[in-house]
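Residue numbers for the sequence shown follow the numbering used here, so the first one is 76 and each next one is one higher.
See structure below.
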Amino acid sequence: MKAIGVIRKSRRERISREEFEELLRSAGYEVVAILEQNREEHPKYNIGKGKLEELKELVRELRPDKVIFANKLTPSQAYNLWKELRVEIIDKWQLVLEIFERRAHSKEAKLQVELASLQYEIPLVKEAIRRIKLGDRAGFKGMGEYQTQQYLKHIRYRMGKIRKELERVKADREVKRKRREEVGFILLALAGYTNAGKSTLLNTLAREEIEARNQMFTTLDTTTRRFKLGGKRVLVTDTVGFIDGLPPFIVEAFHSTLEEIVKADIVLLVLDVSEPWPEIRRKFLASLNVLRELKALDKPMVVVLNKRDLTSEEDVKDKAERIMEIVEERGINVSRVVSISAKFGQLEELYGALEEVVLTLPKYGAFEITVREPEKVPQVMALINAIGEVLSVEYGEETKIEAYIQTGMIKELTKLGVEIRRLNQPKHRESLEDSEGDEYRR
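Shown next, in the form of structure tokens:
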């Protein structure tokens, strides 16, 4: 399908042409022209009247299937533009929903996309009803007044059914999540701007081959996989990518998926470090805005600068320092900023950061474990290494082990007949080893 793209930039709306064109290509459109304007929003047409005339000429000459605006259109603006151009008009968020619809595979993802689409349609249908009463048009999608009003009722009914189904999915996921925590899994969530490389990172961590293409919004279905971090059991979940100005109706529709971020122990915020700094800054701030809306900014966070193989060490270091400046200015809970190449498996910095952050989690505590049966010491040590970190060992008639362990796993240790005492502060803690060699092999 052929499309003409329209971008209106202003002091309030800074829109990336490159990102908009990538969205159009991801949706399968042949972009025959891009029209740009710098001005504040025109209340009737979004763009100015002079630019509208220019757009009319392009439509007559190029005969596109759609005219797609990078700016959000009000229902009134969409109708006024259609009346002038007589071609289908959609905006950026309808375009995103088209991509979502194409990429959704699981039942949950399809329901979420349908819910978002219906939420978007409601104001359009209301505008159609208003216009009918003014005698301005035949109806919504050619329907008369009665049909349009009935369609609005149908939308609301269908939205109610979808929400109930998504609540059931959410309840099932919550049961699975609690079970995973009970058996000692640490929960990580991959978050970040679309096409930053989250799916590639999940594949590398878990040694999987989940679809990971160089396209926007490849992942809509929640994907969870396991891997081992120095003996500890970890689950990592990939979530839908963010985009600048992600509207509330999409956040609401995908809340059950995005909730994986809220429930995680640690958030890995992935950025593409090979991009120019203004783009990285824009996408970082956009991601923080979504996390703020989800109320997930209090989570321990590791900022992961991916694709370091595409730029120099000096460039990576400079961008990492700039990220930390933003973090300090805004008081964000970022534990570390690390650089990786998920494509080539260069994850040493990430593994090291995770080893440090894991032991600061509320689910971990410092304990003294007393083992009175020498033959059980190897078994106890192996279990501690799987659920925590050994700090020190004193051998003798009784073996005393100081360790950080997951509090939810204490029952597993007590089954071995040991005594456990919580420590306010461990006496000494060995420094963590460098993240090299067999320690980090999964």
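For every residue, glycine included, the Cβ atom is placed at its ideal position computed from N, Cα and C.
None of the values given here were measured: they were computed from a predicted structure.
Three-pair Cβ contact test at 8 Å for the segment 167-174 versus the segment 99-110: Yes: the two stretches touch, three or more of their Cβ pairs being nearer than 8 Å.
Per DSSP, cross-strand counterpart(s) of asparagine 121: Numbered from 1 along the sequence shown, position 46 holds the residue referred to as residue 121. Answer is His117, bridged to asparagine 121.
Beta-carbon proximity check, arginine 248 vs glutamate 335, cutoff 9 Å: Within the sequence shown, the letter at position 173 stands for residue 248. Within the sequence shown, the letter at position 260 stands for residue 335. It is a contact, given that the beta carbons lie within the stated cut-off.
Backbone CA spacing between phenylalanine 144 and glutamate 240 [nearest angstrom]: Numbered from 1 along the sequence shown, position 69 holds the residue referred to as residue 144. Numbered from 1 along the sequence shown, position 165 holds the residue referred to as residue 240. Computed Cα separation, rounded: 33 Å.
Buried versus exposed, by CB contacts within 10 Å (16 or more), leucine 137: Along the sequence shown, read from residue 1 onward, the residue named residue 137 stands at position 62. Leucine 137 comes out exposed.
Contact set for alanine 395: own chain, Cβ-Cβ below 7 Å, skip 5 residues either direction: In the sequence shown, residue 395 corresponds to position 320, counting from 1. Result list for alanine 395: Leu380, Val412, Ser414, in chain order.
Under the three-state DSSP convention, the category arginine 504 falls into: The residue given as residue 504 occupies position 429 in the sequence shown. Residue confidence is low: arginine 504 scores 43 on pLDDT, short of 50, so the model does not pin down where it sits. Its coordinate-derived value is still stated next. If DSSP states are grouped into helix, strand and coil, arginine 504 belongs with coil.
Nearest neighbour of lysine 185, chosen from Met234, Ile164, Arg86, Glu202 [CA to CA]: The residue labelled residue 185 in the question sits at position 110 within the sequence shown. With distances taken between Cα atoms, lysine 185 lies closest to Met234.
Straight-line Cα distance separating asparagine 121 from isoleucine 82: In the sequence shown, residue 82 corresponds to position 7, counting from 1. In the sequence shown, residue 121 corresponds to position 46, counting from 1. Isoleucine 82 and asparagine 121 have their C-alpha atoms some 10 Å from each other.
With 16 other Cβ atoms within 10 Å as the buried cut-off, status of proline 351: Here the question's residue 351 lines up with position 276 in the sequence shown. The C-beta of proline 351 has fewer than 16 other C-beta atoms within 10 Å across all chains shown, which makes the residue exposed.
Residues bridged to glycine 440 (per DSSP): Here residue 440 refers to the residue found at position 365 of the sequence shown. Note: glycine 440 sits in a beta bridge opposite Ile480.
Identified DSSP bridge partners for threonine 298: Here residue 298 refers to the residue found at position 223 of the sequence shown. According to DSSP, residue pairing for threonine 298 in a beta bridge involves Asp313.
Integer-rounded CB distance, given that glycine 267 should sit under 8 Å from glycine 316: On the sequence shown, residue 316 is found 241 positions in, with the first residue counted as 1. On the sequence shown, residue 267 is found 192 positions in, with the first residue counted as 1. That belief holds up - the Cβ atoms of glycine 316 and glycine 267 are roughly 7 Å apart, short of 8 Å.
First through last residue of the alpha helix (DSSP H) which encompasses alanine 264: Numbered from its first residue, the sequence shown carries residue 264 at position 189. Per DSSP, alanine 264 belongs to no alpha helix (DSSP H); it is in the beta strand (DSSP E), 261-267.
Among Thr314, Leu491, Lys208, Phe359, the one whose alpha carbon lies nearest that of lysine 338: Counted from its first residue, the sequence shown places residue 338 at position 263. Selection Thr314, Leu491, Lys208, Phe359 evaluated against lysine 338 yields Thr314 as nearest (Cα-Cα).
Secondary structure of leucine 137, DSSP reduced to three states: One-based indexing of the sequence shown puts residue 137 at position 62. Here leucine 137 sits in helix by DSSP.
Residues sharing a beta bridge with asparagine 381, DSSP: Your numbering for residue 381 matches position 306 in the sequence shown. For asparagine 381, which the question treats as bridged, DSSP gives the partners Asp347.
DSSP beta-bridge partners of phenylalanine 144: Here residue 144 corresponds to residue number 69 of the sequence shown, with the count starting at 1. The partner list for phenylalanine 144 (beta bridge, DSSP) reads Val81, Asp166.
Backbone CA spacing between lysine 418 and leucine 265 [nearest angstrom]: In the sequence shown, residue 418 corresponds to position 343, counting from 1. In the sequence shown, residue 265 corresponds to position 190, counting from 1. Computed Cα separation, rounded: 16 Å.
Residues of its chain near isoleucine 109, where Cβ-Cβ distance is below 6 Å and the 5 sequence neighbours each way are ignored: Here residue 109 refers to the residue found at position 34 of the sequence shown. The residues are Gly80.
Where the beta strand (DSSP E) containing methionine 402 begins and where it ends: Position 327 of the sequence shown, counted from the first residue, corresponds to residue 402. The sequence shown places valine at residue 402, rather than the methionine named in the question. Not the beta strand (DSSP E): valine 402 falls in the alpha helix (DSSP H), residues 388-405.
Residue of Arg92, Ala328, Gly272 minimising C-alpha distance to serine 416: On the sequence shown, residue 416 is found 341 positions in, with the first residue counted as 1. The shortest C-alpha separation from serine 416 is found at Gly272.
Nearest to valine 365 (by Cα), restricted to the options Phe329, Val377, Lys382: Within the sequence shown, residue 365 is the residue found at index 290, counting from 1. It is Phe329 whose Cα lies nearest to the Cα of valine 365.
Inter-stretch contact (C-beta, 8 Å, three-pair minimum) for the segment 440-459 and the segment 479-498: Three or more beta-carbon pairs separated by less than 8 Å link the segment 440-459 to the segment 479-498, which places the two stretches in contact.
Buried/exposed call for threonine 269, threshold 16 Cβ in 10 Å: On the sequence shown, position 194 is the one that residue 269 refers to. Here threonine 269 is buried, its C-beta having at least 16 other C-beta atoms within 10 Å.
Whole-Å CB distance - leucine 263 paired with leucine 343, under 8 Å assumed: One-based indexing of the sequence shown puts residue 263 at position 188. One-based indexing of the sequence shown puts residue 343 at position 268. A Cβ-Cβ distance of about 6 Å is found for the pair leucine 263 and leucine 343, placing them in contact under the 8 Å criterion.
Limits of the unbroken beta strand (DSSP E) element including serine 467: Within the sequence shown, the letter at position 392 stands for residue 467. For serine 467, the enclosing beta strand (DSSP E) stretches over residues 463-469.
Selected residue, minimal CA-CA separation from aspartate 140, among Val432, Gly123, Glu189, Ile164: The residue labelled residue 140 in the question sits at position 65 within the sequence shown. That would be Ile164, whose Cα lies nearest to the Cα of aspartate 140.
Option nearest glutamate 111 by Cα separation, candidates Leu304, Leu360, Val378, Ser91: As a working note, residue 111 is residue 36 in the sequence shown. Selected option, being the one with the closest Cα: Ser91.
Local Cβ density within 10 Å of asparagine 408, reported as buried at 16 or more and exposed below that: On the sequence shown, residue 408 is found 333 positions in, with the first residue counted as 1. Exposed, because fewer than 16 other Cβ atoms sit within 10 Å of the Cβ of asparagine 408.
Leucine 280 beta carbon less than 9 Å from that of arginine 300: Numbered from 1 along the sequence shown, position 225 holds the residue referred to as residue 300. Numbered from 1 along the sequence shown, position 205 holds the residue referred to as residue 280. With respect to the 9 Å criterion, arginine 300 and leucine 280 are classified as neighbours on the basis of their beta carbons.
Residue range of the beta strand (DSSP E) that includes isoleucine 495: Start at 1 with the first residue of the sequence shown, and residue 495 comes out as number 420. Per DSSP, isoleucine 495 belongs to the beta strand (DSSP E) from 494-497.
When Arg87, Ile462, Ile341, Lys490 are compared against isoleucine 480, the one with the closest alpha-carbon: Within the sequence shown, residue 480 is the residue found at index 405, counting from 1. Of the candidates Arg87, Ile462, Ile341, Lys490, the residue whose Cα lies closest to the Cα of isoleucine 480 is Ile462.
Inter-residue CB distance, valine 200 and leucine 170 (contact presumed, cutoff 8 Å): In the sequence shown, the residue the question calls residue 200 occupies position 125. In the sequence shown, the residue the question calls residue 170 occupies position 95. With a beta-carbon spacing of about 19 Å, valine 200 and leucine 170 fall beyond the 8 Å limit used to define contacts.
Residue closest to arginine 447, alpha-carbon to alpha-carbon, out of Glu93, Glu473, Ile401: In the sequence shown, counting from the first residue as 1, residue 447 sits at position 372. Among Glu93, Glu473, Ile401, the Cα nearest to that of arginine 447 belongs to Glu473.
Exposure of valine 493, with buried meaning 16 or more beta-carbon neighbours within 10 Å: To locate residue 493, count along the sequence shown from 1; it is residue 418. Its Cβ being crowded by 16 or more others within 10 Å, valine 493 is buried.
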